[in-house]
Structures are given as structure tokens and as C-alpha cells.
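To start, the structure under review is shown below, and the notes come after it.
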């Protein structure tokens, strides 16, 4: 139906198997896709890969920001800063600084509306961003006064950054290994990279929602924005195959940051969050690695 499965983009194994088939109308007319799983490194990826034109159109469209958990516009034209997102950003920065990543030029790839850049600047980093959406990048430049470029990471200067962050970015790129190799080129020797990616076996972000869909007999078409789904093992493997020295990969639970949700939803999700952490099934992974000296 879809031809021979391609090799795993993380470890290069050709022994990939179909784990799921689904329909998506994200790029126009409904199309059939597969999730392929790699037994060697446990990475999961989408096949066939959407075209560059499909992806560029998606991330430039208002629909993407309407359907994803982005900061809403306020009456004065500024963007909301949800408390849970601020807590999440501060938690990642605290983890970075605890590991020894405490300053220098930080390049935030896929910086969005600039929240993480704001928080990093407040902690003493010299920040710059990359963002594919012109409207979003223009907002960060004009409203926040922060430097944002609209080119790709391949145009970042060699050895130009001390730190590169990619928060909720790697799951969107067709070739995460090649993308990280470009990031390694842009880092100084000994420079840090920090990524945040969804966990492919997360309790609150995958297992529970899919179970609820089955119970409710929902047959909704998938909004295809994530091209990869990571495990702790596959993220560690990706760091190594892209030429980095891993420091740590730790679980993070996004619902822990959402303590302002109304009762009883707050109690239910906080309980599930704690269970996800206890079972080793957090909603996401925060990975830190360094470019070899």
C-alpha cells in the first residue's frame, strides 16, 4: 500500500514495523499514513513523510496555532503567558543551570511567541531565536525587542552559540538526526543542547486519551503535526548518533504545571500525572547533551 518502510531516522535500522495506521486531513484531502516503530531504538516515526511544502504551509497557517496549545492573543495585542507554561520554562532552565549550563549566547530554535527567550534572558543568557512563521517572529521582534531570524538552523553560523534549545521542536522535523547535526555545527565546542519532546508512551498525553477515544468510539482524523514520537532510549540514541555526549534525559509531566485547572479536573489530571511519573511514563522528556570539546 505504502511501499517498503524506510530506515529508522534515529539509528538507521531497516527492521521497522507498522504500529498504527491512521487517516489525516491536515494537508488538505484525507490521506492514509502509518506510524513505523523501530525495535532497535524504540523510535516511532510517520510514513510517508509529508512534503516540505506541506509542512511549510502547516506551520505558516493560522489553523496550526488555533489547534495547538499556543499563547492566546490578549485585547492589547500581547500574548498570554499561561502560568503552567512559565512554570515549565523555569523548570527546564533550572535543570539546565543545575547541570552547569549557566550563561552565554542561547539560540532558541522554534522560539514561538518568545516565552522561553524571556525567561532565559531574565536568568542572564544572551538570547536569540529562530522561528519559521513571519507573523510570530515579527511579534517577538517588535513587542518583546528580542532578536529572531526566520531562516533555518542550517544558516546559523558555525560555532556561533554556547547553548541551543529546541522545546517541542524535534517531533516536528522529518529528519531529527540531520537536524541535530546542524545544531552541533552551530555550537561551540563544549556547548550545550537542551530538547523537550513528547514521550511516545506517556500516560496523560497518549495512553489515556487514546483509551478514552476507544471507549467513546471516536473516529476523529488525526491532526498530523508530530512526525516523531520519542522514548527515553531513542532520545539518548539520537544524541549519540548526531555526535553529542548525552548528559541526562529526564521525565517531565506537563500536567504538573497545570495546577490552576478547575476542580475536579485538576485532581484527576494531577493524580494521573503522579502515576505517569511513578510508572516511568511521563508526558515528555527533557534531554541535555554537549558537543564534544
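Residue numbers (the working numbering): 430 to 722. All residues carry an ideal CB built from backbone N, CA and C; glycine is no exception.
Since residue 675 sits in a beta bridge, which residues does DSSP pair it with?
Working through the chain shown from its first residue, we reach residue 675 at position 246. Residue 675 pairs with 718.
Thinking C-alpha only, which one of 557, 587, 485, 504 is nearest residue 603?
In the chain shown, the residue the question calls residue 603 occupies position 174. Looking at the Cα atoms, 485 is the closest of the given residues.
So, is residue 442 buried or exposed, given that buried needs 16 or more other C-beta atoms within 10 angstroms?
Sequence index remark: in the chain shown, residue 442 carries index 13 (1-based). Classification of residue 442: exposed, given that the 10 Å Cβ count is below 16.
How about residue 548 and residue 573: are their beta carbons less than 7 Å apart?
On the chain shown, residue 548 is found 119 positions in, with the first residue counted as 1. On the chain shown, residue 573 is found 144 positions in, with the first residue counted as 1. No, the pair does not count as a contact, with Cβ atoms beyond the cut-off.
Going by other Cβ atoms of all chains shown within 10 Å of its Cβ, with 16 needed for buried, is residue 605 buried or exposed?
Walking along the chain shown from the start, residue 605 turns up at place 176. So residue 605 ends up on the buried side.
For the candidate residues 452, 722, 639, whose alpha-carbon lies nearest to that of residue 588?
Position 159 of the chain shown, counted from the first residue, corresponds to residue 588. Among 452, 722, 639, the Cα nearest to that of residue 588 belongs to 722.
Quick check on residue 563: does DSSP put it in helix, strand or coil?
Residue mapping note: residue 563 aligns to position 134 of the chain shown, counting from 1. Reduced to three states, the DSSP call for residue 563 is helix.
So, do the region 615-632 and the region 553-570 have three or more beta carbon pairs nearer to each other than 8 Å?
Counting Cβ pairs under 8 Å, fewer than three are found: no touch.
Give a yes or no on whether the C-beta atoms belonging to residue 677 and residue 717 are separated by under 7 Å.
To locate residue 677, count along the chain shown from 1; it is residue 248. To locate residue 717, count along the chain shown from 1; it is residue 288. Cβ atoms of residue 677 and residue 717: closer than 7 Å.
For residue 595, which residues in the same chain have their Cβ closer than 6 Å to its Cβ, ignoring the five residues on either side in sequence?
Reading the chain shown from its first residue, position 166 is the one you call residue 595. The residues are 538, 624.
Return the bridge partner residues of residue 594 from the DSSP annotation.
In the chain shown, counting from the first residue as 1, residue 594 sits at position 165. Its beta-bridge partners are 537, 623.
In angstroms with no decimal places, state the Cα-to-Cα distance between residue 686 and residue 535.
Numbered from 1 along the chain shown, position 257 holds the residue referred to as residue 686. Numbered from 1 along the chain shown, position 106 holds the residue referred to as residue 535. Its pLDDT being 47, under 50, residue 686 is placed unreliably in this model, and the coordinates cannot settle the point.
Starting from residue 531, follow the alpha helix (DSSP H) in both directions and report where the run begins and ends.
For the purposes of this step, residue 531 is taken as the residue at position 102 of the chain shown. Careful: residue 531 lies outside any alpha helix (DSSP H) and carries neither H nor E.
Looking at residue 658: is its Cβ nearer than 7 Å to the Cβ of residue 473?
What you label residue 658 is simply residue 229 of the chain shown in a count that begins at 1. What you label residue 473 is simply residue 44 of the chain shown in a count that begins at 1. Yes, they are a contact pair.
May I have the straight-line CA-CA distance separating residue 576 from residue 569, to the nearest angstrom?
Walking along the chain shown from the start, residue 576 turns up at place 147. Walking along the chain shown from the start, residue 569 turns up at place 140. Spanning the two alpha carbons is a distance of roughly 8 Å.
Which same chain residues end up closer than 8 Å to residue 554 when comparing Cβ atoms and leaving out the 5 residues on each side of it in sequence?
To locate residue 554, count along the chain shown from 1; it is residue 125. Excluding sequence neighbours, residue 554 sits near 532, 533, 534, 535, 592.
If I measure Cβ to Cβ from residue 705 and keep anything under 7 Å in the same chain, skipping five residues before and after, which residues do I get?
Sequence index remark: in the chain shown, residue 705 carries index 276 (1-based). Within the same chain, residue 705 has close Cβ partners 631, 632, 633, 682, 711, 712.
Could you tell me how far apart the beta carbons of residue 458 and residue 452 are, in whole angstroms, since I believe they sit closer than 8 Å?
Residue 458 sits at position 29 when you count from the first residue of the chain shown. Residue 452 sits at position 23 when you count from the first residue of the chain shown. Not really, about 10 Å apart at Cβ, beyond 8 Å.
Using the Cβ count rule (16 or more neighbours within 10 Å means buried), how would you classify residue 627?
The count along the chain shown starts at 1 and reaches residue 627 at position 198. Buried, because 16 or more other Cβ atoms sit within 10 Å of the Cβ of residue 627.
Inspect the beta-carbon positions of residue 609 and residue 583 and report whether they are closer than 7 Å.
Here residue 609 refers to the residue found at position 180 of the chain shown. Here residue 583 refers to the residue found at position 154 of the chain shown. Cβ atoms of residue 609 and residue 583: not closer than 7 Å.
On the DSSP bridge assignment, give the partners of residue 557 in chain order.
Here residue 557 is taken as the residue at index 128 of the chain shown, counted from 1. DSSP lists 536 as partners of residue 557.
My assumption, with CB atoms under 8 Å, is that residue 656 sits in contact with residue 600. Please give the rounded CB distance.
As a working mapping, residue 656 is identified with position 227 in the chain shown. As a working mapping, residue 600 is identified with position 171 in the chain shown. Right, their Cβ atoms sit about 7 Å apart.
How many Å lie between residue 503 and residue 693 at the Cα?
Walking along the chain shown from the start, residue 503 turns up at place 74. Walking along the chain shown from the start, residue 693 turns up at place 264. About 27 Å.
In the region 435-514, which residue ranges form an unbroken beta strand (DSSP E) of at least 3 residues, counting only runs that do not cross its ends?
The region 435-514 contains these whole beta strand (DSSP E) runs: 446-453, 460-466, 473-476.
If you draw a straight line from the C-alpha of residue 585 to the C-alpha of residue 622, how long is it?
Translated into positions along the chain shown, residue 585 becomes position 156. Translated into positions along the chain shown, residue 622 becomes position 193. Straight-line Cα distance between these residues: approximately 14 Å.
Is residue 519 helix, strand or coil when you go by DSSP?
Walking along the chain shown from the start, residue 519 turns up at place 90. Helix.
So, using beta-carbon positions, are residue 660 and residue 439 closer together than 7 Å?
To locate residue 660, count along the chain shown from 1; it is residue 231. To locate residue 439, count along the chain shown from 1; it is residue 10. It is not a contact, given that the beta carbons lie outside the stated cut-off.
Tell me whether the beta-carbon of residue 519 lies closer than 7 Å to the beta-carbon of residue 508.
By one-based count along the chain shown, residue 519 stands at place 90. By one-based count along the chain shown, residue 508 stands at place 79. For residue 519 and residue 508, no; Cβs fall outside 7 Å.
Can you find the residues in the same chain that come closer than 8 Å, C-beta to C-beta, to residue 670, ignoring five residues on each side of it along the sequence?
One-based indexing of the chain shown puts residue 670 at position 241. Same-chain partners within the cutoff: 439, 440, 441, 606.
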